[in-house]
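Residue numbers (my numbering), protein chains in the order written: chain A, 1 to 426; chain B, 427 to 660; chain C, 661 to 829. Don't be surprised by glycine CBs; every beta carbon is placed ideally from N, CA and C. To start, the structure itself, in structure tokens.
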Amino acid sequence: MDAVSASEISEYRRQEQSITLGPLEADLGAPGAGIDEPHEELMTLNMGPHHPATHGVLRLLVALEGEVVRDLRPVVGYVHTGIEKTAEDKSYWKVIPVIERMDYLAYYFNAQAFCGAVETLLGLEVPKRAQYLRVIHLELNRIMSHLVWLGTSALDLGAISMFWYCFRERETILDLFEMSSGQRMHTRYIQVGGVIEDIPAGFADQLARFVARMPSRADEYGAILNRNEIVIQRLRDVCPLDAQTLLGLGVTGPLLRAAGHPWDLRKAAPYSSYEDFEFNIPVGSRGDNYDRYAVRLAEIYQSTRIIEQALAGLPEGPYITDDRKVALPPRHELATSMEALIHHFKLVTEGFRVPPGEVYYPIESPRGELGCFVRSDGSSKPARVHMRDPSFVNLQALRAMTKDAYIADLVATLAMLDPILGGIDR
Amino acid sequence: MEVTRQRLDAPGAGGQDLRVRQLRARELLRGDLSDEDLERYVQERVLTTTLDKAVAWARSNALFPATFGLACCAIEMMSIVGARVDVARFGFEAFRASPRQADLLVLSGRVSIKMAPIVRRIYDQMLEPKWAIAMGACSSSTGVFNNYAIVAADKFMPVDVHVPGCPPRPEALMHGILKLRKMIQDDPDLGWRERYQARGTEEFVPADPGTPAAAPGAHPAAVNVARPGDTAGA
Amino acid sequence: MPDATGLELIAQALREEDPDSVLDTAHFRERATLIISATAVRWTLARLRERGYGFLSSVHGVDYYPEQPRLGVHYELLDMRAVDRLTVKLRVHTEDPVVESVTPDWPTADFQEREIFDMFGVRFEGHPDLRRIHMPEDYEGHPQRRDFPIGGEPVLFTHNDPQSPGWTQ
Numbered sequence: 001m002d003a004v005s006a007s008e009i010s011e012y013r014r015q016e017q018s019i020t021l022g023p024l025e026a027d028l029g030a031p032g033a034g035i036d037e038p039h040e041e042l043m044t045l046n047m048g049p050h051h052p053a054t055h056g057v058l059r060l061l062v063a064l065e066g067e068v069v070r071d072l073r074p075v076v077g078y079v080h081t082g083i084e085k086t087a088e089d090k091s092y093w094k095v096i097p098v099i100e101r102m103d104y105l106a107y108y109f110n111a112q113a114f115c116g117a118v119e120t121l122l123g124l125e126v127p128k129r130a131q132y133l134r135v136i137h138l139e140l141n142r143i144m145s146h147l148v149w150l151g152t153s154a155l156d157l158g159a160i161s162m163f164w165y166c167f168r169e170r171e172t173i174l175d176l177f178e179m180s181s182g183q184r185m186h187t188r189y190i191q192v193g194g195v196i197e198d199i200p201a202g203f204a205d206q207l208a209r210f211v212a213r214m215p216s217r218a219d220e221y222g223a224i225l226n227r228n229e230i231v232i233q234r235l236r237d238v239c240p241l242d243a244q245t246l247l248g249l250g251v252t253g254p255l256l257r258a259a260g261h262p263w264d265l266r267k268a269a270p271y272s273s274y275e276d277f278e279f280n281i282p283v284g285s286r287g288d289n290y291d292r293y294a295v296r297l298a299e300i301y302q303s304t305r306i307i308e309q310a311l312a313g314l315p316e317g318p319y320i321t322d323d324r325k326v327a328l329p330p331r332h333e334l335a336t337s338m339e340a341l342i343h344h345f346k347l348v349t350e351g352f353r354v355p356p357g358e359v360y361y362p363i364e365s366p367r368g369e370l371g372c373f374v375r376s377d378g379s380s381k382p383a384r385v386h387m388r389d390p391s392f393v394n395l396q397a398l399r400a401m402t403k404d405a406y407i408a409d410l411v412a413t414l415a416m417l418d419p420i421l422g423g424i425d426r
Numbered sequence: 427m428e429v430t431r432q433r434l435d436a437p438g439a440g441g442q443d444l445r446v447r448q449l450r451a452r453e454l455l456r457g458d459l460s461d462e463d464l465e466r467y468v469q470e471r472v473l474t475t476t477l478d479k480a481v482a483w484a485r486s487n488a489l490f491p492a493t494f495g496l497a498c499c500a501i502e503m504m505s506i507v508g509a510r511v512d513v514a515r516f517g518f519e520a521f522r523a524s525p526r527q528a529d530l531l532v533l534s535g536r537v538s539i540k541m542a543p544i545v546r547r548i549y550d551q552m553l554e555p556k557w558a559i560a561m562g563a564c565s566s567s568t569g570v571f572n573n574y575a576i577v578a579a580d581k582f583m584p585v586d587v588h589v590p591g592c593p594p595r596p597e598a599l600m601h602g603i604l605k606l607r608k609m610i611q612d613d614p615d616l617g618w619r620e621r622y623q624a625r626g627t628e629e630f631v632p633a634d635p636g637t638p639a640a641a642p643g644a645h646p647a648a649v650n651v652a653r654p655g656d657t658a659g660a
Numbered sequence: 661m662p663d664a665t666g667l668e669l670i671a672q673a674l675r676e677e678d679p680d681s682v683l684d685t686a687h688f689r690e691r692a693t694l695i696i697s698a699t700a701v702r703w704t705l706a707r708l709r710e711r712g713y714g715f716l717s718s719v720h721g722v723d724y725y726p727e728q729p730r731l732g733v734h735y736e737l738l739d740m741r742a743v744d745r746l747t748v749k750l751r752v753h754t755e756d757p758v759v760e761s762v763t764p765d766w767p768t769a770d771f772q773e774r775e776i777f778d779m780f781g782v783r784f785e786g787h788p789d790l791r792r793i794h795m796p797e798d799y800e801g802h803p804q805r806r807d808f809p810i811g812g813e814p815v816l817f818t819h820n821d822p823q824s825p826g827w828t829q
């Protein structure tokens, strides 16, 4: 191999090095140039709703200058289901299955936000055991959501084998869900006033085995990805965004924490007994894609800690509120008590009535602040249910993140953004 | 509730068709069909040659599903690729991103009215032979949500197998896919593609853009077939 | 959440500067609400931002049918330092549902105001790109209004079979 000194580089090399992709000197025009009207420098690329790299049916109109993204416009609504309108048509406990299908990877969180809002309206106290059971299932759901995110994001980056490892763990978690509620997904486990059923025998043992094994499994994922040359090159210092801009855009959750802002509703405004548990909040330093990945991976460890503590400290007691006007009576009472029968009948046919009022109940979902706004008008059906979905608001940050980045970085950033289109479109 | 009585053999809406169909069904069972009907019956139900059988066997064991995850069912569809319910056992793990290379469209998730024309376009872009599975309750029949925003998939495209569930377990989806595999091997063609005008809608480049009959076999209702006079490179 | 007295102090301070801005206060289940007039929203949010409520969590719409004025827009503000939440609500009529957009000051309101426009028909003046976001662009009607029908299809029984579209024939 001939050694070429620095002073005498070939003509070809000099030409290659002279091409820079800095910002265009020419005026790019108003925002929308290249997307709304043709531009001589910009090419519009439609990453359409059917695309392997967009997580779900997200449509991105990208204005490209060569391989560099200059502008981005997301078009959503391709899985708009009218969930909020459907929820106005159903009694409160029937809303729970409908609202669960919104952010379809964090179904316990959707149910918790809605039930929390309704419990606030009712002024209802949730028993301690139910709160701990809710926390266990919420944190299991958080781990599961992060695992699916990790599997599919690694798939986008090319680390294909991660998909099978993450889904192996996910199957274990879904077995636990199936054990406690009978369903793998969309379990209707969290009900207004508590949970639908107490955990069966054997659940605690299986959960303990899972909790013992999960940290080492997360270590394995870290061992594959943390220092992988390709992962570092694709994620380190790619598409960073500072906390101030993120706060202006309303971004919460791991994206905000990766930028260094330690905001977590479980710590700041604890709900459902989160104040009883000791856990840390992973916070990044640079706010780039690698920090977003690292924060979510670290959250898996913290969630495992919470589950361990919740399992160890699980108190005895009822698993749902004793208020018969809201919660179904236990089945054995139906044979002996007339009031129980009447309450059961009224609850199943009409549902309980909620006094008029409006409340907004925010919780910390795997993607950020998930808030549920419920307005009740005194009848047995809610008058308005609105979910403030974190993915919907976080998606607005994609444009700021991917400005002047390569289109390959756009794919990686979209993966690190963790959008769930069911929540975006509702 | 009003109850109307209608003579089955009276001329009128519904009556005649039902009777005719009943009689034909009885004739089928008795073996009294005449040439044309028998021909069609046989064609619909039975493969005539060994070569056809072999082709059908090969097709059924080499399905390439298209990556078409819409909503929650997509997560369970990803589960069948996982190690527990391993779709690679059957050879179906090669999910193709491009509809041109895929022959199975698994509609996993709810089809909103904004997405429906795009789903139909993806289905049209697939090349024959192609099949569709409506996975889950939402794509089969709007499922949990019976409202303004959702449409059932078989309203606008032919669906071969409906898999119930919300979401269906990965084992249930696997059962549906295997049922489809059996159907492909038996090659029933119950005419539902005609009803949706789904044959010949794939866009393909005409041999000579100048001739009027440049897109042979293209159905006049096809939306994305290149016709002479279209701008090149479209 | 600011307690009842804190809420009254905030309302009083706002009224001192602009007497028409705050119409009412409400304190329900330990949550504080300011009900303001539709014309003062951007100004009110700017004042509240100076008081520390620097994070706009959510902008969502409500249809109060049959109460008038029918359409409401709610702004959920969060003070991250004091961990304090405050809701700001306003109401507009369907005849002239125009509200000033807060997107120039709070970029997070971009998609959320588009959603309110799509679902309820409230027009936001000053919004950079007010288009439908969930429904198709050429959709007519505002689905989440209470008088918009839920849609869907009737379940087919024998008695409404003649109305069925006949897909199985």
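Contact check, P757(C) vs G781(C), beta carbons under 8 Å:
Less than 8 Å divides the Cβ of P757(C) from the Cβ of G781(C).
**Prompt:** For Y799(C), which residues from the same chain have a beta carbon less than 7 Å from its beta carbon, with the 5 sequence-adjacent residues on both sides left out?
**Reply:** R792
Exposure label - G151(A); buried when at least 16 CB within 10 Å
Burial call: buried.
Original post:
In chain A, which residues lie less than 7 Å from T493(B) when you measure between Cβ atoms?
Top reply: Ordered by position in chain A, the residues that pass the 7 Å Cβ test against T493(B) are P52.
### Cβ-Cβ distance between M179(A) and L225(A) below 8 Å
no
| request: Go ahead and label N280(A) buried or exposed: buried means 16 or more other beta carbons lie within 10 angstroms of its beta carbon, across all protein chains shown. | output: N280(A) should be labelled exposed.
Pick helix, strand or coil for D219(A), following the three-state DSSP scheme. helix
Which residues in chain A sit within 7 Å of S505(B), going by Cβ to Cβ distance?
F167
| message | Contact criterion: CB-CB distance below 8 Å. Does P767(C) meet it with respect to chain A? | response | yes
So D684(C) and S697(C) are supposed to be a Cβ contact under 8 Å. How far apart are they, rounded?
About 10 Å separates the beta carbon of D684(C) from that of S697(C), a gap too long to meet the 8 Å contact definition.
Given this structure, state the Cα-to-Cα distance separating L24(A) from R292(A), to the nearest angstrom.
Residue placement at L24(A) is poorly supported in this model, since its pLDDT is 48, which falls under 50; the coordinates are not used for a value here.
- Whole angstroms is fine: what's the gap from D2(A)'s alpha carbon to R13(A)'s? Because D2(A) carries a pLDDT of 43, less than 50, the predicted location of this residue cannot be relied on, and the following value inherits that uncertainty. Using only the alpha carbons, I get a separation of about 15 Å.
Margin query: Give me, in chain order, the residues of the same chain whose beta-carbon lies closer than 7 Å to that of R95(A); leave out the 5 immediate sequence neighbours on both sides.
Written below: This sequence places Val at residue 95(A); Arg is not what is there. Excluding sequence neighbours, V95(A) sits near A87, F114, P382, V385.
Where M674(B) meets chain A, residues with beta-carbon distance less than 7 Å
With chain B running from 427 to 660 in the structure shown, residue 674(B) is simply not present.
R522(B) versus L410(A): straight-line alpha-carbon distance, rounded:
Spanning the two alpha carbons is a distance of roughly 22 Å.
* So is L64(A) buried or exposed if we call it buried at 16+ other beta carbons inside 10 Å? -> buried
| Looking at the unbroken beta strand (DSSP E) that takes in L255(A), where does it start and where does it end? | It is not in any beta strand (DSSP E) - L255(A) instead sits in the alpha helix (DSSP H) that spans 254-258.
Contacts around V211(A), its chain only, beta-carbon distance under 6 Å, and the 5 residues preceding and following it disregarded = T304, I307, E308
Is the Cβ of I810(C) closer than 8 Å to any Cβ of chain B?
yes
Put P543(B) into one of helix, strand or coil per three-state DSSP. Secondary structure of P543(B) (DSSP, three-state): helix.
Next on the checklist: Tell me which residues share the same chain as R388(A) and place their Cβ nearer than 6 Å to its Cβ, disregarding the 5 neighbours each side in the sequence.
Outcome noted: G371
Mind listing which residues of the segment 782-797 of chain C have their C-beta closer than 7 Å to chain A's C-betas, in chain order?
I793, H794, M795
Tell me the DSSP secondary structure of G659(B) in three-state form. Residue confidence is low: G659(B) scores 40 on pLDDT, short of 50, so the model does not pin down where it sits. Its coordinate-derived value is still stated next. DSSP places G659(B) in coil when its eight states are reduced to three.
Chain C contact residues for I548(B), given Cβ-Cβ distances below 9 Å = What I548(B) touches in chain C: nothing, since even the nearest Cβ is about 17 Å away.
Integer Cβ distance of L249(A) from A397(A), believed to fall under 8 Å:
5 Å
If you reduce the DSSP assignment to three classes, tell me which class S391(A) lands in.
Reduced to three states, the DSSP call for S391(A) is helix.
6 Å CB neighbourhood of E502(B) in its chain, flanking five on each side removed:
Excluding sequence neighbours, E502(B) sits near P593, P596.
- Query: What residue range is occupied by the uninterrupted alpha helix (DSSP H) comprising S181(A)?
  - Reply: 161-181
Have a look at A106(A) and S718(C) and give me their C-alpha separation to the nearest angstrom.
19 Å
- Task: Give me whichever residues DSSP pairs with K749(C) in a beta bridge.
- Result: I695(C), H734(C)
Q. Closer than 8 Å, Cβ to any Cβ of chain C: which residues of the segment 518-548 of chain B, in chain order?
A. I539, K540
Tell me whether D237(A) is buried or exposed, calling it buried when 16 or more other Cβ atoms sit within 10 Å of its Cβ. exposed
Requested in this report: Taking only the alpha-carbon atoms, compute the straight-line gap between C499(B) and V587(B) and give it to the nearest angstrom.
Outcome: 15 Å
Checklist line | Contacts that H80(A) makes with chain C (C-beta to C-beta distance below 8 Å) | finding: H794, M795
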